[in-house]
Each structure stands twice: as structure tokens, then as C-alpha cells.
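Residue numbers (this note's numbering), protein chains in the order written: chain A, 1 to 324; chain B, 1001 to 1324; chain C, 2001 to 2324; chain D, 3001 to 3324.
Below is one structure, written out as C-alpha cells; the observations come after it.
Protein chains: 4
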Amino acid sequence: MRNIRTDLAVEAKELYDEQNKEEMQGIKINEYFESGVKITDVNILDEIGERNMGKPIGKYITLEMPETFMHDKDVMDDVSKVFSKSLSEVVKLDKSMTALVVGLGNWNVTPDALGPKVVSRLMITRHLKELVPDKIDENIRPVCAISPGVLGLTGIETGEIIKSLADKIRPNLIICIDALASRKAERVNKTIQVGNTGISPGSGIGNRRMEISEKSLGIPVIAIGVPTVVHASTLANDAIDIALDELINKSTKGSEFYTMLKNLDREEKQNLINEVLYPQLGNMIVTPKEIDLVIDVVSKIVANGINIALQPALGLEDINKYIN
Amino acid sequence: MRNIRTDLAVEAKELYDEQNKEEMQGIKINEYFESGVKITDVNILDEIGERNMGKPIGKYITLEMPETFMHDKDVMDDVSKVFSKSLSEVVKLDKSMTALVVGLGNWNVTPDALGPKVVSRLMITRHLKELVPDKIDENIRPVCAISPGVLGLTGIETGEIIKSLADKIRPNLIICIDALASRKAERVNKTIQVGNTGISPGSGIGNRRMEISEKSLGIPVIAIGVPTVVHASTLANDAIDIALDELINKSTKGSEFYTMLKNLDREEKQNLINEVLYPQLGNMIVTPKEIDLVIDVVSKIVANGINIALQPALGLEDINKYIN
Amino acid sequence: MRNIRTDLAVEAKELYDEQNKEEMQGIKINEYFESGVKITDVNILDEIGERNMGKPIGKYITLEMPETFMHDKDVMDDVSKVFSKSLSEVVKLDKSMTALVVGLGNWNVTPDALGPKVVSRLMITRHLKELVPDKIDENIRPVCAISPGVLGLTGIETGEIIKSLADKIRPNLIICIDALASRKAERVNKTIQVGNTGISPGSGIGNRRMEISEKSLGIPVIAIGVPTVVHASTLANDAIDIALDELINKSTKGSEFYTMLKNLDREEKQNLINEVLYPQLGNMIVTPKEIDLVIDVVSKIVANGINIALQPALGLEDINKYIN
Amino acid sequence: MRNIRTDLAVEAKELYDEQNKEEMQGIKINEYFESGVKITDVNILDEIGERNMGKPIGKYITLEMPETFMHDKDVMDDVSKVFSKSLSEVVKLDKSMTALVVGLGNWNVTPDALGPKVVSRLMITRHLKELVPDKIDENIRPVCAISPGVLGLTGIETGEIIKSLADKIRPNLIICIDALASRKAERVNKTIQVGNTGISPGSGIGNRRMEISEKSLGIPVIAIGVPTVVHASTLANDAIDIALDELINKSTKGSEFYTMLKNLDREEKQNLINEVLYPQLGNMIVTPKEIDLVIDVVSKIVANGINIALQPALGLEDINKYIN
């Protein structure tokens, strides 16, 4: 079995299907559309599903945004609303809950800056509830947030920072936002995943080293991830696969050529290629040229989705006014 | 007694002298020059000094940078070196110490962004000592850092964040950097203060609300402050004082006019003025037009001073190479 | 007569009134409110008005924004709409006109960056009309724009850059946006002026050196100005004036004190003060602490006002979609 | 012949060699090392060379920077010095010359922002020579600079802006800096090319549409280019080529498989692949993850190389002081 790790549940499923003929056991999938957004709701039901998917038991909802979202404010708002519903589905949001939102990633590295950008656009209310409770609507829920930076910037494991803060302020819910790497260019900056099993070590494009989960923190952890890059070596691998498939399609079934191609151990090929390509590609990523702009737009969509979910008493208009 | 609060020990002394004829008791002051930097070393010795200065017992060193520092890299380096010595004088830096450096202030507000800017230019080594101890020089000391943001951005008291982190990672020393307000335009962005008594509530231009000190954290706290603004209302007050002084100087001693002026309760005047001016000036600050550039330069100077002090095994050249 | 130069027509009028008892000749003023915006429409009618106001014959409309504009998107939109009308009143905008919009000022100096920020938020269409005329609505008007930088950044007079470009691409209209200095803190970032007489040398907070006008360029020039700072020395002067006025109010009419104060040559006083204060205040400005945020919001309002005025075929919603 | 366009002379030569057995006519190449920098000096001598290389007659010098340049200030300075020499070799720099430096590219798109970043770090002196000639050293040469933006931002062809400005201020030399796309990941951000034939339409990662050359402007034009990206489709193509080569190497010479592979029309394959991959890869680029930082460092190196070349009377230390 090919052992490419992916942070996206839909990709884990895809990889499984590429390598297995029988249907995957231990999961339940539900696909539907809402306001032009394709929603894939993956439930990992038991240990079999866990093993098959390489992900913990839990719920993972993936949103694929319509092509037009970058150029149409109305579509952006629609996606935010659909996303806020997905968020409400993976966790029971209660009125009195204090939520701590954590923007993971390095703000100096554009495609890794999604988390901090989302945090900068949230409605922050926890201090208002404490300092001027009479001045704000009692339906406003307490929300606080932090972008802890990355190990290279702080010298401190991100997990340590979050754990220490969670121990101190005891939120009822932690929401983490992280930039991910996808296996496919077509998903980059067009997909949002939200899940209720936290974040595993090594996820994200910045190679986080800690687990951030209910198990490690004692508090429910929602993980929101957006793939913002494809690793260049993944792209190279995929290009080769596509080329080989084309060769096979075009060669006569049963011919020596066909047989040779069919018998290629692709894994071995790719390792070989990796050795040739990797020294140059190791640290390289594939992104849209306008990554700065795209990250900006996607972070607004995600932030508003969170704002709507955490502040059901307010409409998107009120939130936009507040956030400005 | 006039009750203008100031974060700078040299200004507290100045205010006392303006209002009192006798010399201040309970403090010891030492002034000298080094590499063109004027150094004022204020020691508050006892409770009398504490009351007179409105600041806790401890050591406060103020550096006044030469006029040319903005345009001459060599002068910048000189100031960094002198500053690193002052830092070593207010705290015993030990080779095995882990230092946690905290950049206070709001990165979205240029004159308040000094702390976070300094932090972004530090040599961060704690993780290297832990992860790849064999690969780095044993003389490198472990340094970690964080810019926690401000209450309005996070919804969490900055003091809470620092306390929780200090409890978790147990550094031997905490160094806080903060942007301050000065009483005088001439000090803005030209003065660096370093002291060993931590930070009191209400300091800084962002009106921090917490005390950050050895008392509250159980760990020695060094506070580095640079005045980056004068409050507009302070400037207005000062302008009026200067005008009244000029009127007094020019009027005939003993005349009704002279007597009237002399008898003015300036405090009352200023309160009156404050009522007239304040509605417009409350939130306004006085800064150099090129504040973005100035903050950039001063943050480099402060960061390098800290780098030199914390890494005595390295020269400034090595540090510059590392920091890039 | 006091000779403080001001870029705002409303301030020139105010200064005249402070120093003269009779009503000003040669101007016509019209004040009214629209959507909460106070509009002052100053028409300088002849050479007498020109001399009295220190500004060329022409039309100057000043908008004072409601207090709430910073925190309410709807108010922002209202101001943009009112502003777009004012723009249409100072120049006849014709459907086939090509407009060149110029963002004056230094993008590295936050309070001077208004012009470049506005330009970055405009609908740019001239190239689309030329390259893909079939693909865009025939009602879209050709708009192009540039932020030429300032003399210190380019080594070229801004006027030279605009003149050379205007000679080359022959627009029918030039719109310049510039950050100004106000005399009063209460106007800072709350006032927008639009006039049809171009820009005089020495205007703006960056001390532009060129005239940009129909006379110098052969093309109608609309000037949009927003005061983003008060010079610190202006604030000091005003504080002193207010204090002296208070003293006069409180002293007994006819007393020596009263007479002395009344007879003070304030000009002389201020010069004196200037000598004492100026060395420190020369380059200092008074701004709101959150200048970065304020400039951001005001530039959006101004940009949308221009977008609406130049593209009457589109609604603000379409423009917002386009601009994103 | 494969018809992949490249902006780098060394790549054009490489492509030729891959497709032709005989040595290229009409060019002269000289390779050497200096201070650890590999220099390739390509001279296109005549029309034969022109045709073979797909580039105009002229001189193209390529610098390959040592691996360590990102982490060592001394290496950065060495590269700047070597680069300044190359610059002096492609154009006769005369003491009285006025140079206009043009930073091409879109400052909002990180990998395309190299040109504007270089311009922001130049010594700008033309205005000083005109305004305060007595105050500056007579050996300082007049330098001015502009970053005109891109068509989508201004609505004006970059070539129009440069032409109009050149016509107006009549510099003796124009130096353009542009971000390029490379064919190979290993060259990205590690190579600087300087040539004396200007810039052709369609160069650069932003697809410039104009020619900027002595022919179009009447003034010598030096073009400096740094590849900052590889197009994702180029990477995909290369990966496939490498895979096919590996297959050929491993298959028995003379076997059907070998023959089939050898006889593949790779061009056709790639077109096919392009159709499959292109919809997703069209606008995607390959860059290092830390592109923001890399662009920063490279722009400093290039800017200082230009500064040294244009101001031979100053040392790098003086320049660093000036630039700060």
C-alpha cells in the first residue's frame, strides 16, 4: 500500500480507493450540495475505519467552494454560512461556552499564515463579557483567540503554549485553524475541512510537532484546515503517474510494452525519481501565483464562518459591522 | 503635588525636581557617557525613594541615543553594545539560564508595535538546545520569546498569557519590551530604559492592565521600555506651561499682572483646558512623521542589545549573520 | 493678519473670520446635511475671494463624516455615496471620459499613505476597454491610476511623473488624492475635501513641491484631500490660544491683568514659543493612535466614492464584488 | 525542436544542447568563478547565435550564488560586489550619467515583487544633485527610480509609463529589474542574470506585454532578471521526462519496450499531459515555502550590487549606512 499521508479525509478515502478494490469498511459518507458548496461528510465509525483512513474515529466535513468565490462577495458570504453550519454539526455549541480559537502557522510565510489571518478577523468578546458585562448583549458568547507562532519563531512548542493557556483560562471549546498541504492542485485554496478529532503531530504545511486534541488538552478540539499548497514532490509524482497511465492507455493490451508498464513497481519508480528530484524540490511548494490575495479571501470566509457559528444571536451584517 | 504619571524614571525625577526645592531622598543617581550614549543610572534605595519616585525599589538605567543613530549603522551598533551592558547590570545573566522574552504591545498600531518587532529579531535558541543539542555550540544560551498581543486582540489579559506560559516552561528570567509614552517630545524614540522591577499596571501606550513582575510571576522580570509617543494632551499642557512661564518672565515683578500669573493654580487651568481640549485629544498621540521607519530602526537596536547580552559567546557579527 | 496656511477651504474661512469682523467678500457658502454627512460647499467667486481665502477661484466641497463611520459599514457606504455626488458636482463626468487617478504621498509613512491606498482599491478598467472591449459592458468607463511615490523615494518630482504620463496617455480628467494636515484635531480623518482647482505646491503632509492643475497639465484636475494629521506645533499654538482665552474670560474686564492679556501680541508669543518648542516638534505630528486602521477605513470610503462617481452604470454592490 | 521559451540565456543554451548534437554557432561562452559565485558570460555574436538562442545579439551574464548566501551576510556582500562588476561589464557607466532604475512586477504578488523591492533599497540621488548640489559629494551620480506597477493595477502598459518618463527626464541609462520564471527548481532564487539587450514582450512571471529596449526607448537598457518561480506545468513536464529517461535507462536496449519508449513523441505526450494537468496547473507556480524571506534577501543583494556599480566613489559600508 502506498503510504502517502494526507491531512484531508476526502483524500485519505481517495487514496484508499485507488489502492483497494473492495469498499472501505468502518466509515459512512454523505455527499450533498448547499448554496453551490459541495459538502462531503465523512464519519469514521470504528477502529476498522480508523485503520483504513489513518485518522481517528470522528466526524470530518469537507466543503468544496464554487469556482466563483474569489470574485463574488455574495458567494463568499454563502460559503461562510454553509461553513458555520458544518461547524455546528461537529460540536454542540452552547450559549455559555467560552471558545478559545487558535491560529496555527507562521505569519511570515504567506501560505502558512492562514490561521493567524483568520484569528485577526474574529469577533473577540471574552474580555468585554468580563470588563463591561452591562454594555454588551447577554446573547454574545465569550470568545478569545491567540496565534502562538511556530517553533522556529518562539522556541516553544505550539502545543506547550496552547496547553498552558488552556489550563489557565479553562475554555469549554478549542478551535484550531491550520494551513494544510493537499495532494492535488485542484483542491488548493478551494477546500475547507472541519473535524472534531483535533490535530495530529506532523500535520500542516509547517510540520507541527504536537498533538492538539481533547485527549491531550482535556477540552474538545475542533480542527479547521484549508489546503493552501501542494508539495512540489507530490506534484512531480502525480505528473509521472498520469504520464504512465496515458502510456498504458495508448499501448496495445497484451503487448510487451503494455505488460512492462503494468508491471512497473510505481513505488520504486517514484522513490528513484524522488532521489533525483528531491534535492531540489524538498522545500518547494506549488501555489497559485496570487497566493497573498487568495489567503486573504479564504481567511475572511473562514473567520466569518466561525463568527456566525459562535455568535448565533448576530446576523452576518452585524458581524461585518463589528469586524469592519 | 502634580500627579502626572510617567513610565520613565528620569522623568519621575524631573517632575519631582520641578515641584520640590529640596533634593530627593532615597535615591542615588549616576550619570555618564559611553560611546556617545548618555547613561543615567537611577537607583531607588528605599521606601522614601519609592514614594518620591512613584516607582518600586530597584535599578533603572536610561540610555539617550546620539542624534545620528537613525542614519549611521555604526552608531546603531554602538548603542546596541552599550545597551547590552546596561542589561547585564540590572540582572545577573548566567550561562545556563533560559530566558523568555516578551514583546508587549499591538502589532497593528505602529507606535505600539515595538515589542513584537524586537521579538521578531531575536536569536531564538531554546528549541535548538532541546532538539539538536549536538549541532549547536554549548555556549549558546536557551532563549524563547512570544508576542502575546493585547487584550482587544485576544480577549485574554496579557498577564494571564505570560503567567500561564511562565508556569509551564519555567524560564529563569523574563524580559519584557514595551512601547511607552513620554512627557517630552525630545525623548520620543531616542531613549531606552531598562529596569529590574517589572511592569506596573497601566504602563505603556496600550494601557496594559496587569502587573508583570517577580512578585506576580515568581521569576525575575526585566522591563525594557522605549517612549515612542507623547500623548497629545501632555503636549498641550506643556505648551501652555511654557507660554505662562514666558509671560511671567516678561512681566514686571510685583505688578498685578505678574502676581496674577504667579498665583494661577496651574493645575486648575490645565483641568479646564483638558475639558476643552480633551474630547478631541483623548486618543491622539504625537509621533515623528516617519514613525514606521523609526520603530524599525529602534527595534533593531534593542533586539541586538538583547542578543548580545544573552549570547556573550557570540560577537555582533555572528549575531547579524544568524539574524540576517 | 495671521498667516497660517491651510489646505482646507473651511479652515481658511475660519481663520479669516477669527481675524476679521466684516463678512468675507468674493465667496458663496452653502451648508447642508445629507445622510448624516455635513456638507460645506465653498465657492470662491472672484479675485477678492481668492485673496481672502488664499486659494484659487473654484469650488471646494467639504464633507464631515458622522462620528460612527469607523464602526458601521452602512455609514461608510452612505458617506461614499454622498462623496460620489460631491465629486460629480465639481466636474462634469462624461461617459466616454478616460480618468487618470493619482495617489499622492509616501506609502511608507502611514498617515501619508492615503493616496496610494485609495488607488489600490479602485476599479481599473482602461486596459480592459482596450484589450477585451467585447467582454466588458460598454457602460464601463476607462479608468487608469498610478501612485507615483514621493521625491525622496524616486528622485523625480511627482509633478514631472504625472505631466509625462498625462502627455502620453491624454486622459480627459485627472483626480489626485492627497493626505493633508489640518489645523484642528477634531477634523483629522473625519473630513474629506474635493475641489476643482488642482493642488498647489507645498500642500499635503509630505510637502509636495509641484503644482498639479489644469493650468500646468492642460487637463481638468480634481483634488481630493483628507486631513490625516495636525502638525504638533499647530497643536501647541492652539493650546496656548485656548489657555489665554480662558485667562481673559476669567479676569475682570478693565483690570490691568485683562488689559495686559488683551494687548498681548499673540503672534509674537507664538513665535517665541515656536523657537522654544520647534526644535523638538518640527517633524512631529498628531494622529490617532490607531492611524493604521483609520487610514484603511477612510481610503475605502474615498475609493468607493470615486468608483461610484466614475462608474454610474454600476451599483455599489457590483463595485464591491469587483473590488473584493 | 522543442519550443519552450526561457528568459535565461543559460537555459536557452541548455535547451539547445539537449536537442542538438552539434555545438551552437554564433555564440561565445566564458565560465569562471569569483568569490564562490559561478559566472557564465554568454555573448550572442551574430544572427546565427540570435536564431539559435532565441535572444537578441548582446551580452548576458549569469551569476549562480553559493548555497550559503541566505544565511551569511558576508556571502551576501560578496555576491553584491561580484554582481556590481558584471553590471559594469555590460554597460559603460560614466560619471555624469543619470540612471533611471525601473522595478518591474506586482508588489502584491510576493514572487513578482522583486523589482519593486530592489527599487525600495536603492540610493536615490537625482533630486539631491538638483536641489542641494553643494551638500553632496560631487562624485555621487544622479540616480532616480520608479516601480510602475503592472497593467492590472494601473490600466496602463508598463512600457507606456517608462517611455513617457524616459522622454521627459532623459536619463542616460535605464536599468530594469524583473522576476523571471526558470525551467529548473534548482535555479530559483539562486541565479541573477544581467544583460544589455533590454526586455522582450512576454518575459517575467507577470507576462509583461511591452518591449523595453534601446530600440523602443532610444536609451541603453540593462535588464536584470532573477528567476523566482518555476511554472508548475514546467515542473510536471520535467518530472515526466526524468521518469521516461529512467525507464529507458533500465530497459534492455533493442527490446520492444526500449524501442517504444525511444520512439515516443515526447512533445505529443506532454501536450496530452498538459491537457490533463493544465486546467489545474495553469496559474500555479513552484516556489520555496519561505518565498517572502528569500525575495527579501535577494532584493538586498541585487540593490546593493546596483548601488555599488552606480556609486563607485562609495564603499559598500557607506552605502549600507545611507540605505540603513
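Just so it is clear, CB atoms sit at the ideal spot from N, CA and C, and this is done for glycine as well.
By the criterion of Cβ-Cβ separation under 8 Å, what are the contact partners of residue i in chain A?
| i | result |
| --- | --- |
| THR3287(D) | MET284, ILE285, THR287 |
| MET3260(D) | SER251, PHE257 |
Give a yes or no on whether the C-beta atoms belonging to residue i and residue j are separated by under 8 Å.
| i | j | result |
| --- | --- | --- |
| ALA1181(B) | ILE1205(B) | yes |
| VAL3221(D) | GLY3198(D) | yes |
| VAL3294(D) | ALA3232(D) | no |
| ALA313(A) | LEU93(A) | no |
| SER1035(B) | ASP1078(B) | yes |
| ASN3052(D) | TYR3016(D) | yes |
| THR2154(C) | CYS3176(D) | no |
| ALA3166(D) | LEU3100(D) | yes |
| ASN189(A) | VAL298(A) | yes |
| VAL2194(C) | SER2086(C) | yes |
| ALA1236(B) | LEU1281(B) | yes |
| GLY105(A) | VAL150(A) | yes |
Output, in chain order, the set of chain D residues within a Cβ distance shorter than 7 Å of residue i.
| i | result |
| --- | --- |
| VAL276(A) | ILE3242 |
From this set, the options, which residue's C-alpha is nearest residue i's C-alpha?
| i | options | result |
| --- | --- | --- |
| VAL2090(C) | GLU2018(C), LEU2173(C), PRO2227(C) | LEU2173(C) |
| LYS3081(D) | ASP3238(D), ILE3295(D), ILE3192(D), ALA3009(D) | ILE3192(D) |
| LYS3215(D) | MET3123(D), ASN3106(D), GLY3159(D), ALA3145(D) | GLY3159(D) |
| ILE1039(B) | ILE1029(B), ILE1048(B), LEU1045(B), ASP1046(B) | ILE1029(B) |
| GLU1067(B) | ASP1241(B), ASP1238(B), ILE1224(B), ARG1187(B) | ARG1187(B) |
| ASP3292(D) | THR3006(D), VAL3302(D), THR3228(D) | THR3228(D) |
| ALA179(A) | LYS163(A), LYS85(A), ASN307(A), PRO116(A) | PRO116(A) |
| MET70(A) | GLY305(A), ILE319(A), ILE301(A) | ILE301(A) |
| LEU1063(B) | SER1164(B), VAL1037(B), ILE1146(B) | VAL1037(B) |
| SER2326(C) | LYS2129(C), MET2123(C), GLY2054(C), ALA2012(C) | Because chain C spans 2001 through 2324 in this model, residue 2326(C) falls outside it and cannot be assessed. |
| LEU45(A) | ASP137(A), GLY58(A), VAL118(A) | GLY58(A) |
| GLU1023(B) | SER1120(B), LYS1055(B), LYS1013(B) | LYS1013(B) |
Which chain C residues are close to residue i, counting only those with a beta carbon under 8 Å from its beta carbon?
| i | result |
| --- | --- |
| ALA3303(D) | Neighbours of ALA3303(D) on chain C: none; closest Cβ ~13 Å, over 8 Å. |
Closer than 8 Å by beta-carbon distance: list the chain D residues that pair up with residue i, in chain order.
| i | result |
| --- | --- |
| ILE205(A) | LYS3289 |
| ILE2146(C) | PRO3148, GLY3149, THR3154, ILE3156, ILE3161 |
Between which two residues does the alpha helix (DSSP H) containing residue i stretch?
| i | result |
| --- | --- |
| MET260(A) | 256-263 |
| ASN2249(C) | 2232-2250 |
| ASP74(A) | 73-90 |
| THR3158(D) | 3158-3169 |
Quick one: list the residues of chain D neighbouring residue i, beta-carbon separation under 9 Å, in chain order.
| i | result |
| --- | --- |
| GLY178(A) | At residue 178(A) the sequence reads Asp, which differs from the Gly that was named. Result: empty, since nearest Cβ-Cβ is about 15 Å, beyond 9 Å. |
At what residues does the beta strand (DSSP E) containing residue i begin and finish?
| i | result |
| --- | --- |
| GLY2058(C) | 2058-2064 |
| VAL1286(B) | 1284-1288 |
| LEU3173(D) | 3173-3182 |
| ASN326(A) | Nothing about residue 326(A) can be reported from this structure: the residues present for chain A run from 1 to 324 only. |
| LEU2100(C) | 2099-2103 |
| LYS2021(C) | It is not in any beta strand (DSSP E) - LYS2021(C) carries neither H nor E in the DSSP assignment. |
Could you tell me which chain A residues have their CB closer than 9 Å to the CB of residue i, listed as they occur along the chain?
| i | result |
| --- | --- |
| ALA3185(D) | ALA232, LEU277, GLN280, LEU281, MET284 |
Listing by chain order, which chain C residues have their CB less than 9 Å from the CB of residue i?
| i | result |
| --- | --- |
| LEU1293(B) | ASN2108, VAL2109 |
Answer with yes or no whether the minimum CB distance from residue i to chain G is below 8 Å.
| i | result |
| --- | --- |
| GLU3246(D) | In the displayed structure, chain G is absent; the protein chains listed are A, B, C and D. |
Could you name the residues of the region 3157-3170 of chain D whose beta carbon sits closer than 9 Å to any beta carbon of chain C, in the order they occur along the chain? Within the region 3157-3170 of chain D, those residues whose Cβ lies closer than 9 Å to any Cβ of chain C are, in chain order, GLU3157, GLU3160, ILE3161, LYS3163, SER3164, LEU3165, ALA3166, ASP3167, LYS3168, ILE3169.
For the region 3209-3241 of chain D, enumerate the residues whose C-beta is nearer than 7 Å to any C-beta of chain A, in chain order. Residues ALA3232, LEU3235, ALA3236, ALA3239, ILE3240.
Give, in chain order, every residue of the region 3087-3111 of chain D whose Cβ lies closer than 8 Å to some Cβ of chain A. Those would be ASN3108, VAL3109, THR3110, PRO3111, in chain order.
Under 7 Å (Cβ pairs) to chain A, residues found in the region 1120-1144 of chain B: Against chain A - using a Cβ distance shorter than 7 Å - the residues of the region 1120-1144 of chain B are ILE1124, THR1125, ARG1126, HIS1127, VAL1143, CYS1144.
Taking any Cβ of chain B, which residues in the region 2002-2027 of chain C have a Cβ under 9 Å from it, in chain order? Residues of the region 2002-2027 of chain C whose Cβ lies closer than 9 Å to any Cβ of chain B: none.
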